[in-house]
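Structure, as structure tokens:
Residue numbers (UniProt numbering): 1 to 1197.
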């Protein structure tokens, strides 16, 4: 039983009353009946919840019972099938079938009830509408009124009775239908002009009908005690006020006012109902309708404000917009919801800003930005005062709204500032030759004032810690705007920008946090960038700007080098200052009218000095190094402006990068990222010369063995010098990669176990170690190499060997310090030096084939060195470069047979060296494969040089294949893991020899000879049984191919002569396979053989005609199919039985088809009819059996 409530709504005034003291409004004593009604309502609600839960539980149990029964029947069926299968056969027990998919869940009773009610209601409404539209005209006016009134009254009389019997859903449905019929009654009365209502304006009449219907629904709901009529009343009253306004032909403002009234009506409903502002049924409808009306009203007012043509119209539209917002604010205030109050407060401030701004924009004269800024300033002041008096977080919303309002003039002022900055830059044109007297024009004096007003508005809203940043932003904007506002010369923008940048940088050094620092540095960089762009009108001004940036940046960095802002502000200032130094020099030289070549040289010299100065700035080592790398990387691009070879600058840049690596120690990704740009410039600058060695030789492949001597294009010596400089850079970089001092090395150099001295300790304070009895510490990487002989760890003067086998290790420094890697240096420099050798021959003007042969020799030598060196990424890269050089040299040696034979001979020798002495399996295998291919090419070239025809060349290539087969046998004996690829090359070479023949007869001879080689290869000692079988199979297939080619040469056109030998070989192979693997399916073993034996003959018989009936072939095919069928049946093999039977059936059908025309036409019809009747009979019997089985299973327990 539910306990008595402590409060209840007073039935006389509606005020919440206390169950102990009564109503505080009208003073009445506590009403026991009213309290009992409230208690029983709560108890009824609880009982309804229990009823719904019980119904849901019942539906769930029913679905679970159905699913369980279905799974049980399926399991019983599987058990029966398993028992039946076990009793009838000895085969393994079948795998149980997967459980059937779950049946579709049944609909809940409540769902069915709701669907039926909905459909019934819709049918009643449709019936009423049809009656109104169709049957209405069949009776008189009085009869029509009586019929509709009686129908409406009858329907509305049912819900009270149904509600008393507990049929709430039925009552709600019929009540909704009855109330909607009242609307139909109103439409019917207007349609027949009942009591002259047709003379009323349709909109006003519709508003009256909605009002009457809503009032009726509200009273009916109170009378019956249903919720649905009250919701219907609230929904029906929504369009009443807009319809009434429509009869007055209003504009957008009238519609907005009407919708505002609708929103106010919904607010009143939420306030006056007992459950104030609760989002239940009626409350949810009021919320949705009120929000929609308010949103639409605001949208209409805002649209009208945008389209207003004068200030008065804009003021009216803004007032309506504010009125809508006030309704929403009032609703939030009455609800007591603090978050809603904060949000609506922000909306009110935004509406005030939009209204005032829309009115102010349309005033004359002046700039709209200033008026908007003043509106934002005024609102910001009001919000700043009101925020202190608003409770809790309510003031947060208006504060955000004020910020948004101030953002509009802020964006406008920023846009005008950008326009002013652009005009300052445009006034400094033409580039580096602008007139000194040119001024910046186009803007008014009020824009700087607007910028100050916007900043003041934000000063009122934002915390005090942001005031300096806001003031700095105002200074930047004013600096952009002043030259254009007061028509100053263009160079004044550069002066103003540098002053602002200096102020910003000074403030950045005093920033307390990273965000503040980022803001100030960003503003300073923006001002400095604008000053630089504006200063480009004259080279002297631009040079002065860059010099100022350099002085301010470097000076600031040095000033804060020991303070808290060294890592951020100092680093940023130093970076900007160092970047500005080369630009200042370059622009100063332009102002001095120096030639571009001298400018490039001077700038490159400055870059070299900056690279040398990296060690002079230990506080900013990383930043100085980054700037040096950046400038070095960009130097080859600058060199394009001069007349010196760009390749030399690119190579020098790479050398500088390597030198920077040496100054810092080691080679990391930072340095590697600086390499691509100068490397790309180097490749682009030397591309034409490199193509002489790497690309041009391939053109000789189009005139192979033409006998003409090609001309060698000229090559510049600067390319050779650039490659040598690049080789030096690569060697220097490779010298510092790959190895660092390890603890084992340090123990070797310090047997006492004291470890290395600290690199940061002064020389005089370092303890003496066993490696250096004099106490001077280990030898640094910058010291003389000969001093290392004093190490006590190596009395003979030799350093301990490297664990990697890379030669002696010099105790260069503490753990982690780089040790010179001479092998890496050599591998890095060798490809470039090798590439420079043929380029030097070309630059010297030597005749062909000096360039390709030298490239081939160098490439092969490099490949041999890479094959012998330990594996690494550098070794792989070197191998690729040397391989490209060797390939180009080989292609360039093809114009004459002699040069080609020489090149191929060198290739064979190099491949043999790599195959015998390569470092690992992959390298040696590649050497053997390349050598085998080169022997084949050598044989072909020799045959062509000797003037042999195609058959002779084919035999020569076949001999090379035999040599490769012999090499394969030797490798099998001594290096079996390297033999398989060589065997593949031998087989491929034999195939090439086959294709080189001129006739099928010669091709058959080649096949026969190669089969002999394969047979010899199969019987050589030392082979496994599997290998011998493979060679024997290859020999058999080769003989079969030779047989086919022989048949082609003598023009045999009988297909069985070709297919039957292949089928016999396939049968033999299938028999061998099933003997070794008894579980192999017969279709896999004999399927190809049977297809080869039967399908061609079947195709010939199918294409036969009456002129050539193929009697003998049909008879022999049938006999052969019968023999295969019998043989398969005796051996109990599936494939021969099925294939033989199928072919025999096809032969029989073919014979029947020959006599089809002799069969009467009724026979096929009779057979088809009997077949259909039989199928139908069978289906009926199966259906009857299935029904009986279903009934039997259903009766199981």
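Glycine included, C-beta positions come from ideal geometry on N, C-alpha and C.
Fair warning: this is a prediction, and the values are worked out from it, not measured in the lab.
query: If I follow the unbroken beta strand (DSSP E) through residue 8, where does it start and stop?; result: 7–9
query: Cutting at 6 angstroms between CB atoms, please list the residues of its own chain near residue 713, excluding the five before and the five after it.; result: 692
query: Beta carbon of residue 460, beta carbon of residue 535: below 8 angstroms?; result: no
query: Is residue 1011 helix, strand or coil when you go by DSSP?; result: helix
query: By how many angstroms is the C-alpha of residue 1095 removed from the C-alpha of residue 1122?; result: 15 angstroms
query: Less than 8 angstroms separating the beta-carbons of residue 831 and residue 893?; result: no
query: Can you find a CB in chain C that lies within less than 8 angstroms of the CB of residue 1076?; result: Of the protein chains in this structure there is only one, and it is not chain C.
query: Rounded to a whole number of angstroms, what is the C-alpha to C-alpha distance between residue 665 and residue 560?; result: Only weak support is given to the placement of residue 665: the predicted model assigns it a pLDDT of 48, under 50, and the value that follows is read from those uncertain coordinates. Approximately 27 angstroms between the Cα atoms of the pair.
query: Indicate whether the contact test is met: 3 or more Cβ pairs, each with one atom in the region 342–361 and one in the region 396–409, closer than 8 angstroms.; result: yes
query: What are the start and end residues of each continuous alpha helix (DSSP H) run of 4 or more residues lying completely inside the region 251–308, in chain order?; result: 252–272, 281–307
query: Using C-beta distances below 7 angstroms, list every residue in its chain close to residue 585, excluding the 5 sequence neighbours before and after it, in chain order.; result: 602, 603, 606
query: Would residue 859 pass as a contact of residue 886 if the rule is Cβ separation under 8 angstroms?; result: yes
query: Between the Cα of residue 1047 and the Cα atoms of 867, 828, 428, 1002, which residue gives the shortest distance?; result: 1002
query: Reducing DSSP to helix, strand and coil, say where residue 1055 ends up.; result: helix
query: Mapping the DSSP letters down to three states, classify residue 1188 as helix, strand or coil.; result: helix
query: Just to confirm the assignment, what range does the beta strand (DSSP E) spanning residue 1208 have?; result: Examination of residue 1208 is not possible in this model, given that the chain is present from 1 through 1197 alone.
query: Just to confirm, are residue 960 and residue 989 a CB contact at a threshold of 8 angstroms?; result: yes
query: Exposed or buried, residue 465, counting other C-beta atoms within 10 Å across all chains shown (16 or more means buried)?; result: exposed
query: Whose CA, out of 583, 367, 76, 1041, lies closest to the CA of residue 539?; result: 583
query: What residues are listed by DSSP as bridge partners for residue 489?; result: 439
query: Can you name, in chain order, every residue of its own chain whose Cβ lies under 7 angstroms from the Cβ of residue 1059, other than the five neighbours on each side?; result: 1092, 1093, 1096
query: What are the partner residues of residue 874, as DSSP defines its beta bridges?; result: Beta-bridge pairing links residue 874 to no other residue.
query: Cα separation between residue 1198 and residue 41?; result: Examination of residue 1198 is not possible in this model, given that the chain is present from 1 through 1197 alone.
query: Under a three-way DSSP split, which group does residue 855 fall into?; result: helix
query: Report all residues from its chain with a CB closer than 6 angstroms to the CB of residue 948; omit the five preceding and five following residues, and keep chain order.; result: none
query: Considering only the alpha carbon of each residue, which of 449, 649, 364, 694 lies closest to residue 1269?; result: Because the chain spans 1 through 1197 in this model, residue 1269 falls outside it and cannot be assessed.
query: Just how far apart, CA to CA, sit residue 623 and residue 575?; result: 6 angstroms
query: Can you tell me whether residue 436 is buried or exposed, with buried defined as 16 or more other CB within 10 angstroms of its CB?; result: exposed
query: Tell me the DSSP secondary structure of residue 22 in three-state form.; result: strand
query: Report the CB separation of residue 294 from residue 328 in whole angstroms; it is logged as a contact under 8 angstroms.; result: 6 angstroms
query: With distances taken from CA atoms, which of 171, 185, 184 is nearest residue 228?; result: 171
query: My understanding is that residue 1038 touches residue 1083, with C-beta atoms under 8 angstroms, so please give their C-beta distance in whole angstroms.; result: That pair is no contact at about 27 angstroms.
query: Cα-Cα, which of 419, 452, 918, 522 is closest to residue 374?; result: 452
query: Considering only their Cβ atoms, is the gap separating residue 418 from residue 447 smaller than 8 angstroms?; result: no
query: DSSP state of residue 1134, grouped into three classes?; result: helix
query: Using only the alpha-carbon positions, how far apart do residue 581 and residue 587 sit?; result: 10 angstroms
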